[in-house]
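What follows is a short report on a single structure.
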Amino acid sequence: MENNGSWTAPEGNQDPQPGNNGEGGQPQYGQYAPPPVNPPQQNAPYQGQPQYGQQTYGQPQYGQPGYGQQQYGQPGYQYAAQNGQNAQAGWAPAPKPGLIPLRPLPFGTLIGTPFRVLRVNPRPTLGMALLFQVGIGIITPALMGLVLWFTISRMEMASSEDRGPILAGSIALFVLTGLVQVVVSVSTTAIIQGVVALDVGQGAVGRKLTFKLLWTKLKPRFWTLILWTLLLSAAMLVGIALAALPFILLAISASSGGSPSGGAIAASVLGGIALVLAFAIVAIWIGVKLSLVSVCIVFEDLGVRAAIARSWRLTSGYFWRTFGTVLLLNVIISVASNIILTPISFIFGIFMGMLSPNGDSGQFIGAMIAFYVITIALSLVISAITLVAQTACYALIYIDLRMRKEGLDVELMRFTETYPNPAPTDDLPNPYLPRFAPAPSAGGGYVMPPSPSPWAQ
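If you use the working numbering, the sequence shown corresponds to residues 1019 to 1475, in order.
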């Protein structure tokens, strides 16, 4: 070894000289052999690769890998790039087996997906809602008209002594007819809400069921849903009556012959306005907190009390998000309905102005009938779309909140992996049943799972 300022390897372990094609190409002890090439398409023999020593260490030729570079890593990167993936990023989009991606839903998805439900599976959702709405729209006025015709005919043929009892019986018949209409309306509304909610829940995991299968799933929970709808309607009537109480008392005082003072009238009016505002605020708050009761009954097969507690807990911390979603959806539907109905009313006004100078009452009456028929038909269609979209929105809010709070997205992913192509049958398990036991002390409510979803943050 010469001490001339440069280092050379000992003679026994001296590296092979350039151009040596003998044993100098084999790695010695302590040296690294070139790594193998993994992809099958690169089957070139190693004889075509540069031997050790042909290039200066760390200075590979252009287009050729030098010693110390990770050749086998390069084909792996090329393979990932061929598949449109980023080799350096570990993120992958959430699976989307059906209506929604299985992750917490952004605001736009909550608003847009309810309208997508109308065209993805329209027969058991929009078609069924239209059928029920048209049926109610035809049966209700026909039944009321029949009762009115029966009352008038009886009053005309009755004597003066019998008109009092006939009038009382007619009023009772009107009340009974109204109750029947309320029951029919509540029942059809419950069916529509239950079927649409189930359709959204099944569509989230890639299932598209017929109305018959959806009704089979809804049937065990139907009467609970009816009970909740009746309780909600009764609570709304009581609240409206309480808000209108000052005006009712003022009207009773005026009709009894008394002359209330200006101060009493002003106090009654101001008190009534304050009660109306207070009722509106409380109704909005309670309505948002209980907006998921129907969905909880349908998805989790709960009773009314347990569903109320469940909805209250799910919406805790997400009041404004839930309220904003429902409010914006209703504004969109209202604006769209006005865009449709306003031009029709405008055109009808011009058309009626053209008919009025002629003095033809037959044409005028025919035009009036046609206008009302078209208006009623469009109103029924809009009301059906509104009911389906609102119910679908509530179902999506329920799924989103459970993803954020309880990791439901993981459960739905597990379900779709277990049943990747589920047949439209009724023998599959319910993926929305909570995987934790109810707490008896909470009155039928639920306790939080021990390990919440990472999406809850």
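Every residue, glycine too, gets a C-beta built ideally from N, C-alpha and C.
Can you find the residues in the same chain that come closer than 6 Å, C-beta to C-beta, to residue i, ignoring five residues on each side of it along the sequence?
i, result
"P1458", "Summary for P1458: the model assigns pLDDT 41, below 50, so the residue's position carries little reliability, and this model does not support an answer."
"G1221", "G1116 and L1117"
"T1340", "V1306, T1333 and I1415"
"A1402", "A1147, L1148 and Q1151"
"K1226", "N1139"
"L1123", "D1418"
"A1261", "L1293, V1294 and F1297"
"S1286", "P1264 and L1268"
"T1169", "S1188"
"G1290", "P1264 and F1265"
"A1112", "P1119, L1120 and R1121"
"G1342", "none"
"Q1211", "S1312 and T1409"
Among residues of its own chain, excluding the 5 on either side of residue i, which ones have a beta-carbon nearer than 7 Å to its beta-carbon?
i, result
"G1485", "Nothing can be reported for residue 1485: it is not among the residues displayed for the chain, which extend from 1019 to 1475."
"P1449", "V1223, E1429, L1430 and F1433"
"T1158", "Q1199"
"I1270", "none"
"L1181", "Looking at the sequence shown, residue 1181 is not Leu but Arg. Contacts found: M1173."
"L1248", "V1204"
DSSP on residue i, reduced to helix/strand/coil?
i, result
"R1453", "coil"
"L1166", "helix"
"L1345", "helix"
"L1243", "helix"
"D1319", "coil"
"G1219", "helix"
"D1180", "coil"
"T1228", "coil"
"S1355", "helix"
"L1191", "helix"
"S1334", "coil"
"A1262", "coil"
"S1205", "helix"
"Y1075", "In this prediction, Y1075 has a pLDDT of 41, which is less than 50 and means its spatial position is unreliable; what the coordinates show is noted afterwards. DSSP places Y1075 in coil when its eight states are reduced to three."
"Y1390", "helix"
"Y1412", "helix"
"G1425", "coil"
"N1061", "No answer about N1061 holds up, because its pLDDT of 45 lies below 50 and its placement is not dependable."
"P1477", "The shown model of the chain, from 1019 to 1475, leaves out residue 1477, and the question about it has no answer."
"R1134", "helix"
"A1402", "helix"
"A1292", "helix"
"S1309", "coil"
"R1486", "Because the chain spans 1019 through 1475 in this model, residue 1486 falls outside it and cannot be assessed."
"P1159", "helix"
"R1420", "helix"
"K1237", "helix"
"R1121", "coil"
"G1384", "helix"
Report, in whole angstroms, the separation of the C-beta atoms of residue i and residue j, which I expect to be a contact under 8 Å.
i, j, result
"L1128", "D1418", "7 Å"
"L1185", "V1165", "Incorrect: roughly 13 Å between the Cβ atoms, too far for contact."
"E1318", "P1447", "At roughly 13 Å, the Cβ-Cβ gap does not stay under 8 Å, so E1318 and P1447 are not in contact."
Beta carbon of residue i, beta carbon of residue j: below 8 Å?
i, j, result
"V1311", "W1246", "yes"
"V1316", "A1215", "yes"
"L1398", "Q1151", "yes"
"F1229", "P1140", "no"
"L1232", "V1213", "yes"
"L1410", "P1132", "In the sequence under discussion, the amino acid at residue 1410 is Ala, which differs from the Leu named in the question. Yes."
"V1344", "L1136", "no"
"I1387", "G1155", "no"
"I1392", "I1362", "yes"
"I1351", "T1436", "no"
"V1313", "A1160", "no"
"M1162", "T1195", "yes"
"F1364", "F1389", "no"
"I1358", "L1396", "yes"
Starting from the C-beta of residue i, find all residues in its chain whose C-beta is less than 8 Å away, skip the five residues before and the five after it, and write them out in chain order.
i, result
"I1244", "V1204, S1205 and A1208"
"K1114", "L1120"
"L1283", "Checking the displayed sequence, the identity of residue 1283 turns out to be Ile instead of Leu. If we look at I1283 and ignore the five residues flanking it on each side, its Cβ neighbours are L1268."
"P1238", "D1319"
When every heavy atom of the ligand GDP is checked, does at least one fall within less than 7 Å of the C-beta of residue i?
i, result
"A1395", "Among the ligands in the structure shown, none appear at all, so the ligand GDP cannot be discussed."
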